[in-house]
Amino acid sequence: MAVDKEQEVRLHFLGEAQEYLSTIESGLIGVGNHGVDRSQMDAVLRAAHSIKGGAAMMGFHNLSQIAHRLEDFFKVLKVGRVQIDSDIERYLLWSVDRLRQIATLNREGSDVDQGWLAENTAPIIDYLHDRLGEPTHEDSAMLLSEEAGEDMTVLLFETEVEGCLQRLEAVLENPDKPCLVEEFTITAQELGGLGEMLELRSFSSLCQSIVEQLEANPDNSEAIARLALQEWRRSQAMVFIGQAAAIPAELRPIGFNSIPTPPIEENEVESLSEFEEFEGLESFEEIAIETETLEALNAIEEIEAFEAIEYLPTQDFSQEAQEFLESLDSLAASTSEKSEVISEVGSKDSSLSPPAPLSSEGRSKTPANEKVEENTIRVAVRQLDQLSNQFGELTIERNGLDLQLKRMRDLLWTLSNRVKHLEQANFRLRGAYDKVATNQVPNAPLVPQLNIGAITPDEQEFDSLEMDRYSELHLVSQEIMETMVQIQEVTTDLQTNLEDTERSARDLNRTSKLMQSSLTQLRMRPISDLLNRFPRALREMELKYSKQVELKVRGGGTLIDRTILEALNDPLLHLFRNAFDHGIEAPAARQTVGKPEKGSIEISAAYRGNQTVITIRDDGRGIDLDKIRAKALTMGLDESDLKNASKNDLLELIFMPGFSTAENITDLSGRGVGMDVVRTNLQQIRGEIQVDTQPEIGTTFTITVPFTLSVVRVLLVESGEMLLAFPTSTVEEMLRLKSEDILPTVGKEVLNWEGSMVPLIRLSQWFQYSRSHRIADTEAVPLIDDQSVLLIAQGDDLVGILVDRYWGEQEVTIRQVEGTLAMSPGFSGCTILGDGRVVPLVDAIALLRWIDNHGSTAHSPNLSHALGTLESNSGSTSDPTKNDFVDKITILVVDDSINVRRFVAMTLEKAGYRVEQAKDGQDALDKLKGGLVVQAVVSDIEMPRLDGYGFLAHVKSDPDCQNLPIIMLTSRSGEKHRQIAMNLGASAYFSKPFREPELLKTIQQLTQKQLSFKL
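Residues in the sequence shown are numbered consecutively from 8, following the numbering used here.
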């Protein structure tokens, strides 16, 4: 059945290949006469690429290799380095015919032999190669810079990397394995260079790791080569799906964690010893997920963290066995007992309680001879995300149901009170009636009147006073009493039914929390999946920089949400490399201060409440605060502020964009890019980072991330008639405010809390809410209808946030705010309550940092304000707030390519600048003459009508605009073009592709003294 399905997919692909060939043919017809049409060549390139990749996956290697060669030729055509004539067109069309013939044979179940290829195809390819040559990396970069929305990394991995990998596959398929080590070593060096060019450091490190393993294990070269090819394919897939950050930094050794390679027998024994982790587990039914297209197959990821697509199956038994054991490891991590992942549902914050680290304790034991078989499943990550989103909607609806039940309970209570009041009123009415009736008995006529003549002698002895008299009022009162009894019965029935409904609602809540635990467990992976890459990276750095460092990992079994784990990859790797480079001293220096030659870096992970805390600690020299002061002084901060700055204020500077104390620029440090990116990446997952250092003792970075990103427990509070949600994980304590506990100080208020002076923040002084009315009246009442204080931990200190009312605690689903308007600083999303109200989610740590940067602090008010100014002027997007200076600046972007204009404009707008655009030099000149006021211009050189040189000459010839900064941004990188521009008065010259931080820094420097210019 599986074979038939696979064959069906292969035949379907060959049918699509014919359509791709038709697209290529239509795009090539006529190129010898009218030249290359870029839009048509784009379609031709995509078609050739689709044939190449699909054929390689399906096993049609001849088809794939020829399509690959044609794709290279098409790139040369698009770049336009070669003049196309009719001969080239003819040979290109002949090559398409050959591809069509091969695809037809493959569809019939056969293939061409090498003799046929040598006779019919090789001469065509050789001729085209002689005429067109091979595309260079510069050609690929040029193509990408001219296309809209094209990702350079993706395209290079689709073309250059794919070609290298296919050649390696051909080497492995050859029974003789000619020059295997040499081929893989050369390819690893080439790919490593490509990784450096694309700034994929993990990919470059992986290539270097492959070279080292090939050199260290010559007897195991084929197994290492196959594993290397597999890792390269995985890395390629990660780039395709936008997960380049997850590329491993080293080649995982075959079934072990160190080099050199141990005997296979020891490896097998060690791996098999882990089988007892799976004893007692229940089996799953295997879920086969079918896909309709090759693109869907490429989009599938395994649940195991950082795993991606494997393009070609391998026949190597040892590799398959190792992958099988690794899949069992992943299964064990994802199917551990629920009691180890989430604490009991009935406990506080049960739905968000962290899992316990993996351990061997508590595992159920089964007889050794009992076979335990587990099936794995392969699920698209997209489906897991959809399931998480649907569960979020379920949480909202569950909260809505709880709210409605509470309202129903309140209404029933009100109804019961009304019935009691009605009973009392009826009782009083009945008493009043009896009193009135008794007083009127002697004169009261019988109702109805008796017919005396009709009374028999026996009846005449009956006294009419012995009969009850029922007036109309009595009958009405009696009816009311009967109705009261019926209402009481209905009220009792409602009470009973409501209790049953509440019991069902509690069961629903319990079941949904169990579902949440199971869903969270599905997405959990041990942090060791990430940290296992570090030993290899450490070894590479040790060899290169002559340092000896011991890596200690604690809490490797700590489970973390897969999304969070992926986001932690780059920050943790950067901090790890920083600890090695900045922290650990050279062996001689360590001996001088009495330390052992071998340094130590310790990475630990543990749970704290509903958060995961990861620390990276080294025993190095510590961070030099004097160097920080000196660097900050060169960046424009006030010297007196720096002298009075506290330790925490100075350490906060290392997270500013462009800040680096490294004396020399290396591949590890010195480029001024890193720590600000680390904090930005962590903020995207609601994480936080803190640093502490001691001279000659070491530095500790502490990262705090939430247990899950989808559901959070919050405190609902009111401030300035606006409802806000504070995650409970950020609130240390909440207390009622007593006026006598507030103590005024210079410029601020403090709270006397248990003898400590806690800074007090009134949100109303920092935010003006756009509300002209109070919160809508509801049946609910706040739990605390008075001012309260939320104590937030900021490092080792506490800060109090004053709120007006406290409405309660609730488990909510987080929703990201989408749209063109960014959220205010200090807010990280929103949530929807059960009644449909949208409430902003407060990121308390970010809010306090923003307040520090824009106000005063107890330690150094001026320095904190300077930090905010420095960060805003840097052009970094890590802080959503912008400096007022930047907001007042307008930049004119001039380029004939709309895509380049839009890209540059987006870059400037992200930094807070206002942007105007012009399609060429003449358009820009007309706009300036028309009254457009700008503070700087970014212009291309090659443009129609009026080029950049002409525009520059016209503007600089006007006396009113001689000081207007004009920055040239062009693909012309030659010194001749640069010198012409600078001679004409250009303020700066950048070649494409440009470095965003350098461009922004230049613009900031040039516009700092410019107020406005008008032609």
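Just so you know, even glycine gets a beta-carbon here, dropped at the ideal spot from N, CA and C.
If you're wondering where the values come from, they're calculated on a predicted model, not measured in any experiment.
Straight-line spacing of the CA atoms in Gln431 and Lys413 works out to 27 Å. By the criterion of a C-beta distance shorter than 8 Å, Leu179 is surrounded in its chain by Leu187, Glu229, Ala232, Arg233 and Leu236, once the five residues flanking it on both sides are discounted.
Remark: fewer than three beta-carbon pairs, one from each stretch, lie closer than 8 Å, so the stretch 506-523 and the stretch 425-439 are not flagged as touching.
The Cβ atoms of Leu172 and Trp239 lie closer than 9 Å to each other. Within the model, the alpha-carbon separation for Phe997 versus Gly957 is close to 18 Å. Beta-carbon to beta-carbon, Pro255 and Arg584 are separated by about 15 Å, too far to satisfy the 8 Å threshold.
Assigned with DSSP and collapsed to three states, Asn688 falls in helix. Residue pairing by DSSP places Glu816 opposite Leu722 in a beta bridge. In this structure, Val900 lies near Ala925, with their beta-carbon atoms less than 9 Å apart. It is roughly 36 Å from the alpha-carbon of Ala574 to the alpha-carbon of Arg513. The C-alpha of Thr622 is placed about 13 Å away from the C-alpha of Gly694.
As the crow flies, the alpha-carbon of Leu162 is around 51 Å from that of Ser726.
Rounded to whole angstroms, Lys654 and Ser904 show a C-alpha spacing of 49 Å.
The DSSP-derived three-state label of Lys1008 is helix. Apart from the 5 residues on each side of it in sequence, Lys650 sits with its Cβ closer than 8 Å to the Cβ of Arg636 in its chain, given in chain order. Partner residues in the beta bridge of Ile791, as assigned by DSSP, are Tyr813.
Using a C-beta cut-off of 8 Å, the stretch 64-73 makes no contact with the stretch 93-100, since fewer than three inter-stretch Cβ pairs fall below that distance. Comparing alpha carbon positions, the residue from Ala943, Gln690 and Ala223 closest to Val849 is Gln690. The residue from Gly202, Gly562, Trp760 and Leu840 with its alpha-carbon nearest to that of Ile808 is Trp760. With respect to the 9 Å criterion, Val945 and Ile987 are not classified as neighbours on the basis of their beta carbons. Within the stretch 601-629, the runs of beta strand (DSSP E) at least 3 residues long that lie entirely inside it are, in chain order, 606-615 and 618-625. Secondary structure at Ser46: helix, using DSSP grouped into helix, strand and coil. Here Asp933 is exposed: its Cβ has fewer than 16 other Cβ atoms, across all protein chains shown, within 10 Å.
Rounded to whole angstroms, the separation of the alpha carbons of Val757 and Asp409 is 39 Å. Counting every other CB atom within 10 Å of its CB across the protein chains shown gives Arg241 a total of 16 or more, marking it as buried. Residue state for Val796 is assigned as strand, using DSSP reduced to three classes. Residue pairing from DSSP places Tyr996 in a beta bridge opposite Met975. For Gly200, the uninterrupted alpha helix (DSSP H) run begins and ends at Leu187 to Met204, by DSSP. Between the stretch 549-559 and the stretch 184-199, the count of Cβ pairs shorter than 8 Å is below three; the stretches do not touch. A Cβ-Cβ contact shorter than 9 Å links Thr838 with Val721. Pairing Val103 with Leu28 gives a Cβ-Cβ distance under 9 Å. Following the DSSP letters along the chain, one finds Asp699 inside the beta strand (DSSP E) bounded by residues Glu695 to Gln701.
By a beta-carbon distance limit of 8 Å, Asp683 does not contact Phe714. Their separation comes to about 26 Å. Close CB contacts of Ile768 within its chain, under the 8 Å cut and outside five residues either way in sequence, are with Val806, Gly807, Ile808, Leu809, Leu855 and Ile858 (chain order). Judged by DSSP in its simplified three-state form, Asp631 adopts coil rather than helix or strand. Taking every protein chain shown into account, the CB of Gln817 has 16 or more other CB atoms within 10 angstroms, so this residue is buried.
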